[in-house]
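Okay, so here's the structure we're looking at.
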Amino acid sequence: MPTLPVRAVALASWRLEDQWVTAVRLTNSSSGWITLDPRVLQGDFLTATFQHEALGPRGTPEDTTVLYLVTRGRGLAQSLLPAVNRFDPAVHLPQPEAGSQDGTDRKEVRHAQ
1 MPTLPVRAVA
11 LASWRLEDQW
21 VTAVRLTNSS
31 SGWITLDPRV
41 LQGDFLTATF
51 QHEALGPRGT
61 PEDTTVLYLV
71 TRGRGLAQSL
81 LPAVNRFDPA
91 VHLPQPEAGS
101 QDGTDRKEVR
111 HAQ
């Protein structure tokens, strides 16, 4: 749910054999209602359920619920999708040659015809 204005805090985790249950507190940080749908969760989960079906506006008694996530073979941290980090694509562009002041001196490349 990375696009929703929701704060998530892991509360507790339990394990039985190769299955883990993790309780995560969700708090709405917006002024509107948010309908919760387990299909928008991103990760490798066996199953997931919310204690309540919606989050009320920030500051109301309904603005918080608990999400229960079940994973197999590993805990929650290993089951979440990795975060996307920002990067500078210019780092991968070819740099001008050392002898060129403005990068206009280019060597001609012959292509097979």
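Counting in full-length UniProt numbering, the sequence shown runs from 1 upward without gaps. In this text, a Cβ means the ideal position worked out from N, Cα and C, and glycines have one as well. Every value quoted in this text rests on a predicted model; they were computed, and no experiment measured them.
Asked	Found
Cβ-Cβ separation, A8 to L36 (assumed contact under 8 angstroms), whole Å	The Cβ separation is near 12 angstroms, so there is no contact.
9 angstroms Cβ cutoff met for W20 and G75	yes
Pair within 9 angstroms by beta-carbon distance, S13 and A23	yes
Outcome for V40 when other beta-carbon atoms lying within 10 angstroms are tallied against a minimum of 16	exposed
Sequence-distant residues of the same chain with beta carbon closer than 8 angstroms to P57, five excluded per side	N28, S30, S31, G32, W33, D63
DSSP three-state assignment for R15, whether helix, strand or coil	strand
C-beta atoms of L55 and T71 nearer than 9 angstroms	no
Buried or exposed (CB count within 10 angstroms, at least 16 for buried), L67	buried
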